[in-house]
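Residue numbers (my numbering), protein chains in the order written: chain A, 1022 to 1212; chain B, 1022 to 1212.
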């Protein structure tokens, strides 16, 4: 998505060769009209896939998942990262090692929110090592739902998670796919 | 908002006289078209207030804040509950005691995301004791921004947080305001 690549060049900050800061429009301040454009593009990519549910993970996946859901007319289910007192009943869950936070958490979705009748599109803001996505894929598999694909805003291709999952046969669509980045020279995208 | 009261009567689960479960449409599964209707109602309530930014807190405030922002044409800023490695620079922060989780966390917004030029509408899914809202109000005060008001999906009026803040002069609009609730007899709203 050319508009996202342009926006990243213009507005993102490359903190290191690993860390990209997009808090000013994608994951803390939300440029909602731009996020709606990303949601529209995701809806276009999955037009004929009869998606019944979008699955994401709190917190920064929620806005883009909501935007896509508005265009697709389906509900969003987001995985929570900890069990809270209002969660009862049986849960699908998967352990996720966060490279950003350096910890491991449980991604949790109550069993009554996903079923084998669902055709699921996973949406997230970032794909790097693929840890969160692998956790969500495990949850979808536990539920018996059909995975249609994964739509990602920004893939840090050089961290390998996307290619590993593609090699396993998972459909992954990244709106912007970064080949490399550097605080000095900026961001280079895959063609 | 009559439609929200009806939906709560129909789809929410009263777990106890204190705890209401709305994970099936508002804060884990997201009924996005209904959330858009709530966002539209919030936008209507604040039509003439020249709001420049919506502030919420992760995770369950993000969807409704995004919905209102789409109708109002302004960005959303959400407070994070922990410091992550991509956050640098100076931060506004406030301690929040969570009654739901029984812990205390820091609500954090980077200083460059809010300024004294902003006219802020706070949006959240629940108002109970007012702990999260009080934290966000502190952050807005630290920033020098003007608080326009707080729009809440569901206020548990009997827990007192809303009235305490109203008594301090804060404008609070709750789309549904619960007087009492009980697993046996259901939900009673303020007239």
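Virtual Cβ for every residue (Gly too), placed ideally from N, Cα, C.
Owing to the predicted nature of the structure, the values given are computational and were not obtained by experimental measurement.
Quiz item: How about residue 1079 (chain B): is its C-beta nearer than 8 Å to some C-beta of chain A?
Solution: The sequence position of residue 1079 (chain B) within the second chain is 58, counting from 1. It does: the Cβ of residue 1079 (chain B) has a partner Cβ on chain A nearer than 8 Å.
Quiz prompt | Whole-angstrom C-beta distance between residue 1140 (chain B) and residue 1206 (chain B), which should lie under 8 Å | solution = Looking up residue 1206 (chain B) in the second chain gives position 185. Looking up residue 1140 (chain B) in the second chain gives position 119. The Cβ separation is near 42 Å, so there is no contact.
Quiz item: Can you give, in chain order, each stretch of the alpha helix (DSSP H) that sits fully within the stretch 1083-1141 of chain B and has at least 4 residues?
Solution: 1083-1093
Practice problem: Taking residue 1176 (chain B) as part of the beta strand (DSSP E), name the residues at either end of that continuous run. | Solution: Residue 1176 (chain B) sits at position 155 when you count from the first residue of the second chain. Looking at the DSSP string, the run of the beta strand (DSSP E) that includes residue 1176 (chain B) is 1167-1177.
Exercise. Return no unless some Cβ of chain A is closer than 8 Å to the Cβ of residue 1050 (chain B).
Key: Numbered from its first residue, the second chain carries residue 1050 (chain B) at position 29. Cβ-Cβ to chain A under 8 Å: yes for residue 1050 (chain B).
Quiz item: Which one or two residues does DSSP pair with residue 1078 (chain B) in a beta bridge?
Solution: As a working mapping, residue 1078 (chain B) is identified with position 57 in the second chain. Its beta-bridge partners are B:1100.
Quiz item: DSSP on residue 1155 (chain A), reduced to helix/strand/coil?
Solution: Here residue 1155 (chain A) refers to the residue found at position 134 when the first chain is read from its first residue. Residue 1155 (chain A): helix per DSSP, three-state reduction.
Quiz item: If you pair each beta-carbon of the stretch 1029-1038 of chain B with each one of the stretch 1198-1212 of chain B, do three or more pairs fall below 8 Å?
Solution: yes
Quiz item: Which bits of chain A does residue 1023 (chain B) rub up against, with CB to CB less than 8 Å?
Solution: If you number the second chain from 1, residue 1023 (chain B) lands on position 2. The premise fails here: residue 1023 (chain B) is roughly 22 Å from chain A at the closest Cβ pair, so nothing lies under 8 Å.
Quiz item: When you compare only the Cα positions, how much space is there between residue 1061 (chain A) and residue 1086 (chain A)?
Solution: Within the first chain, numbered from 1, the residue matching residue 1061 (chain A) stands at position 40. Within the first chain, numbered from 1, the residue matching residue 1086 (chain A) stands at position 65. If you take the alpha carbons of residue 1061 (chain A) and residue 1086 (chain A), they lie about 11 Å apart.
Exercise. Indicate whether residue 1078 (chain A) and residue 1089 (chain A) have their beta-carbon atoms separated by less than 8 Å.
Key: Within the first chain, residue 1078 (chain A) is the residue found at index 57, counting from 1. Within the first chain, residue 1089 (chain A) is the residue found at index 68, counting from 1. Not closer than 8 Å, so no.
Quiz prompt | For residue 1064 (chain B), three-class secondary structure by DSSP | solution = Stepping through the second chain from its first residue, residue 1064 (chain B) is reached at position 43. It is helical.
Practice problem: Determine the contact status of residue 1174 (chain A) and residue 1025 (chain A), defining contact as a CB-CB distance below 8 Å. | Solution: Reading the first chain from its first residue, position 153 is the one you call residue 1174 (chain A). Reading the first chain from its first residue, position 4 is the one you call residue 1025 (chain A). Yes, they are a contact pair.
Quiz prompt | Buried/exposed call for residue 1177 (chain A), threshold 16 Cβ in 10 Å | solution = For the purposes of this step, residue 1177 (chain A) is taken as the residue at position 156 of the first chain. The residue is buried, with at least 16 neighbouring Cβ atoms inside 10 Å.
Quiz item: Is residue 1207 (chain A) helix, strand or coil when you go by DSSP?
Solution: The sequence position of residue 1207 (chain A) within the first chain is 186, counting from 1. In this structure, residue 1207 (chain A) counts as strand in the three-state DSSP scheme.
Quiz item: When the Cβ atoms of the stretch 1109-1118 of chain A are set against those of the stretch 1143-1157 of chain A, are three or more pairs found closer than 8 Å?
Solution: yes
Exercise. Please name the residue or residues paired with residue 1195 (chain B) in a DSSP beta bridge.
Key: As a working note, residue 1195 (chain B) is residue 174 in the second chain. DSSP output for residue 1195 (chain B) lists B:1173 as bridge partner(s).
Quiz item: Going along chain B in order, which residues have a C-beta closer than 8 Å to the C-beta of residue 1057 (chain A)?
Solution: Translated into the one-based positions of the first chain, residue 1057 (chain A) becomes position 36. Neighbours of residue 1057 (chain A) on chain B, chain order: 1091.
Practice problem: Closer than 8 Å by beta-carbon distance: list the chain B residues that pair up with residue 1087 (chain A), in chain order. | Solution: Indexing the first chain from 1 puts residue 1087 (chain A) at position 66. Neighbours of residue 1087 (chain A) on chain B, chain order: 1051, 1053, 1056, 1083, 1084, 1087 and 1088.
Self-check item: Residue span of the alpha helix (DSSP H) that contains residue 1188 (chain A), given as start and end
Solution: As a working note, residue 1188 (chain A) is residue 167 in the first chain. From DSSP, the alpha helix (DSSP H) with residue 1188 (chain A) extends over 1182-1188.
Self-check item: Where the alpha helix (DSSP H) containing residue 1025 (chain A) begins and where it ends
Solution: The count along the first chain starts at 1 and reaches residue 1025 (chain A) at position 4. First-last of the alpha helix (DSSP H) with residue 1025 (chain A): 1023-1032.
Quiz item: For residue 1101 (chain B), which residues in chain A fall below 7 Å Cβ to Cβ?
Solution: If you number the second chain from 1, residue 1101 (chain B) lands on position 80. Result: 1049.
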